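Protein chains in written order, with my numbering: chain A, 1 to 111; chain B, 1 to 114.
We put the CB at the ideal spot given by N, CA and C, even for glycine.
The structure displayed is predicted, hence computed values, not measured ones.
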């Protein structure tokens with residue numbers, strides 16, 4: 001079953017603009033992670049935010065987590081053409097620590 | 001170099017012909033898992049393993065088998081592949097015991113079942 005649902009499904013912006021992607025989930029979590037996937041390739045971990053954290057930064061990435069709304073957002077600032085990829089949120093919950101992925105947001109950054 | 005490797009990367013086969021996709025990691029990770037990725041459905045977990053000889057079903061285990069005889073290897077077995085198992089498969093590993101849930105993904109195996 002899918003835990004996270006990303007919004008929007010697709011996003012197209014100009015280079016230099018900021019990109020915001022949202023993720024909603026259904027059950028309580030241990031942490032929430034964001035991954036990036038270039039077309040047809042393996043996923044690369046971007047950032048992890050724990051359930052007791054509200055905001056986290058890593059370079060041009062900013063992640064927020066609102067556990068009361070069961071939602072998270074990923075902000076990529078000053079986007080570059082190389083940021084073009086699919087972005088997935090994934091939640092970890094339970095003692096088995098399974099990672100459950102959403103369906104992803106396809107980001108296109110136009111040069 | 002820390003990595004997860006999968007073989008083969010591409011495979012075309014026919015219905016009913018048993019196949020195995022290998023997965024190996026060199027990071028001494030306890031946790032390994034298999035996902036399949038289909039358009040519009042994101043990644044869905046097939047099986048996972050918390051450690052050697054410990055495996056459990058994910059969300060879509062039907063038609064698949066796994067084994068974990070060694071810590072580094074976690075092969076995915078399709079005893080009798082069918083066309084609905086045509087998909088992109090990813091193996092991943094992590095080390096939850098160290099407090100890190102970050103999963104490291106292999107490059108993927110694109111499987112076509114005719």
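Interface residues of the stretch 95-110 of chain A facing chain B [CB-CB below 9 Å] | Listed by position along the chain: 96, 97, 98, 99, 100, 101, 102, 103 and 104.
Distance CB(residue 79 of chain A)-CB(residue 44 of chain A) smaller than 8 Å | Result no, Cβ atoms of residue 79 of chain A and residue 44 of chain A do not sit closer than 8 Å.
In chain order, what residues of the same chain lie with their CB nearer than 8 Å to the CB of residue 66 of chain A, ignoring the 5 residues before and after it?
-> Sequence-distant partners of residue 66 of chain A (beyond 5 residues in either direction) whose C-beta falls short of 8 Å from its own C-beta, in its chain, are 54 and 72.
Mind checking if residue 48 of chain A is an interface residue toward chain B, Cβ cutoff 8 Å exclusive?
-> Chain B, which has a Cβ nearer than 8 Å to the Cβ of residue 48 of chain A, makes this yes.
Taking the C-alpha atoms as reference points, what is the distance between residue 31 of chain A and residue 24 of chain A?
-> So the alpha carbons of these two residues sit roughly 13 Å apart.
So, does the CB of residue 41 of chain B fall closer than 8 Å to a CB anywhere in chain A?
-> For residue 41 of chain B, the answer is yes, since a Cβ of chain A falls inside 8 Å of its Cβ.
Residue-level contact to chain B via CB, residue 33 of chain A, 8 Å cutoff = It does; some Cβ of chain B falls within 8 Å.
Return yes when at least one heavy atom of the ligand SAM lies under 7 Å from the C-beta of residue 76 of chain A, else no.
-> In the structure on display, the ligand SAM does not appear, and there are no ligands present to speak of.
Taking Cβ positions only, does residue 57 of chain A come closer than 8 Å to chain B?
-> So, not an interface residue.
Say whether chain B places a C-beta atom closer than 8 Å to the C-beta of residue 92 of chain A.
-> So yes, residue 92 of chain A belongs to the interface.
Taking any Cβ of chain E, which residues in the stretch 14-46 of chain A have a Cβ under 9 Å from it, in chain order?
-> In the structure shown, chain E cannot be found, because the protein chains are A and B.
Below-8 Å beta-carbon distance, residue 103 of chain B vs any chain A residue = Closer than 8 Å to some Cβ of chain A, the Cβ of residue 103 of chain B qualifies, so yes.
According to a CB-to-CB cut-off of less than 9 Å, which residues of the stretch 44-74 of chain B neighbour chain A?
-> Answer in chain order: 44, 45, 48, 50, 56, 58 and 59.
Helix, strand or coil: which one does DSSP assign to residue 7 of chain B?
-> Strand, per DSSP.
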